[in-house]
Amino acid sequence: MHAILELAKKKTVIFDGAMGTMLMASGLPSGQSPELWNLEKPAVVAEIHGRYYDAGSDVVHTNTFGGNPLKLDGAGLVGKAEIINREAVRIAKSVCPRNKFVAGDIGPSGKFFKPLGDATPESVQEAFREQAEALKSGGADLISIETMFSLQEALAAVRASKAAGDILVIASMTYNRTKKGFFTMMGESVKQCASALEEAGADVIGTNCTLGSKDMVDLTGELRAATKKPILVQPNAGKPLTRKGITTYEQSATDFAEDGKRIKDAGADMIGGCCGTTAEFIRELAKTLSS
Ligand SMILES: [Zn+2]
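In terms of my numbering, the sequence shown is residues 376 to 666.
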């Protein structure tokens, strides 16, 4: 059994919080590709990972959320996918304590499938395969696919990651809350996603982003009912507030951590944070869950 699944049998596995939020606080200009800093400012990226490990994270995500070749091409980083992903793993590994983990992060391709856009499942899967192979050959302990709002795209990412070799794969979907329950942007239900992702080979079923920790308590219950696989839950720091074009999150770290306890009780095996969460949130979460 993978060491992270062994750990999950003993305790709630703590993931990290947002990378983008921390990079912007470290001076990343808005509009610049965060992945470029794996090449240009590796020390800043390493320091952020280090702060999460110090705060109590058992796992951190590599700075490769937008590191698939389709997204990088759009950011003017043509042909850089392999070096960016390998470097990202090297940077995280350089500060990873013994018995802790580095998850290779895979985010959305940024493309829509036909007829909404021009992407095909094959072209997207090929892009994810290139990224997954670079993450795996760079030494990632597992792959974490996240913020997927289309099941079809998430399945392409799971299949691509499994094709990259023998590696544990987490697949997290992003849901919206409606009067009828939780659904992806494409209208897929929690049950539908969990079953299909499992069938495609995902080892851990997750959810992240968009919803805050309060909504994710209920969502965790639905996920728990939908799968027997371990569950990863990564809420945002409450609801975003946009004022004069600047987005902030007003939830306190202690409030987030209290909800973390309820998320655990609802059935989550692994918990981290998404947009707006910082090392302080993870520190409070780790403290609350261990007490
Ligand atoms: Zn997010």
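Cβ atoms here follow ideal geometry from the backbone N, Cα and C, with glycine treated the same way.
Taking the alpha carbon of residue i as the reference point, which residue from the options has its own alpha carbon closest?
| i | options | result |
| --- | --- | --- |
| A418 | T387, S469, K566 | S469 |
| N460 | F440, D448, G651 | F440 |
| S512 | S405, A538, P472, L664 | A538 |
| K384 | F656, I657, M645 | M645 |
| F631 | K619, R618, K662, V579 | K662 |
| M567 | A600, T585, K554 | Going by the sequence as given, residue 567 is Gln instead of Met. Residue A600 is the option with its Cα nearest to Q567. |
| Y428 | C471, D541, K386, G556 | C471 |
| L452 | A400, E415, G556 | E415 |
| K614 | R426, E633, T652, D640 | T652 |
Below 8 Å between beta carbons: does that hold for residue i and residue j?
| i | j | result |
| --- | --- | --- |
| T582 | Y550 | yes |
| A478 | T522 | no |
| T602 | E573 | yes |
| G642 | P610 | no |
| A531 | F558 | no |
| I423 | L398 | yes |
| S330 | I520 | Any answer about residue 330 is impossible in this case: the structure gives the chain only from 376 up to 666. |
| L660 | G635 | yes |
| V420 | I466 | yes |
| H377 | L543 | yes |
| D670 | R552 | Here the chain comprises residues numbered 376 to 666, so residue 670 is not present and cannot be evaluated. |
| A430 | R658 | yes |
| A612 | C584 | no |
| V592 | I638 | yes |
If contacts are defined as beta-carbon pairs under 8 Å, then residue i and residue j qualify, I think. What distance do you get, rounded to the angstrom?
| i | j | result |
| --- | --- | --- |
| G587 | Q626 | 7 Å |
| A515 | V464 | 5 Å |
| L598 | A569 | 7 Å |
| A654 | G395 | With a Cβ gap of about 14 Å, A654 and G395 do not count as contacting. |
| L517 | I379 | 6 Å |
| Q506 | G442 | 6 Å |
| G596 | V533 | The pair is not a contact, with the Cβ atoms about 24 Å apart (cut-off 8 Å). |
Could you check if residue i is buried or exposed, using at least 16 other CB atoms within 10 Å of its CB as the buried criterion?
| i | result |
| --- | --- |
| S666 | exposed |
| K475 | buried |
| M560 | exposed |
| P605 | buried |
| E462 | buried |
| I545 | buried |
| R473 | exposed |
| R618 | exposed |
| S405 | exposed |
| T629 | exposed |
| P490 | exposed |
| I481 | buried |
| A509 | buried |
| K446 | buried |
| D433 | buried |
| E528 | buried |
| T622 | exposed |
Can you check whether the C-beta of residue i is within less than 8 Å of a C-beta belonging to chain B?
| i | result |
| --- | --- |
| S627 | Structure shown: chain B not included; a single protein chain is present. |
Item to check | Segment contact, 8 Å Cβ cut-off, at least three pairs: the region 453-464 with the region 482-493 | outcome: no
Next on the checklist: Within 8 Å, do at least three Cβ pairs link the region 394-413 to the region 487-506?
Outcome noted: no
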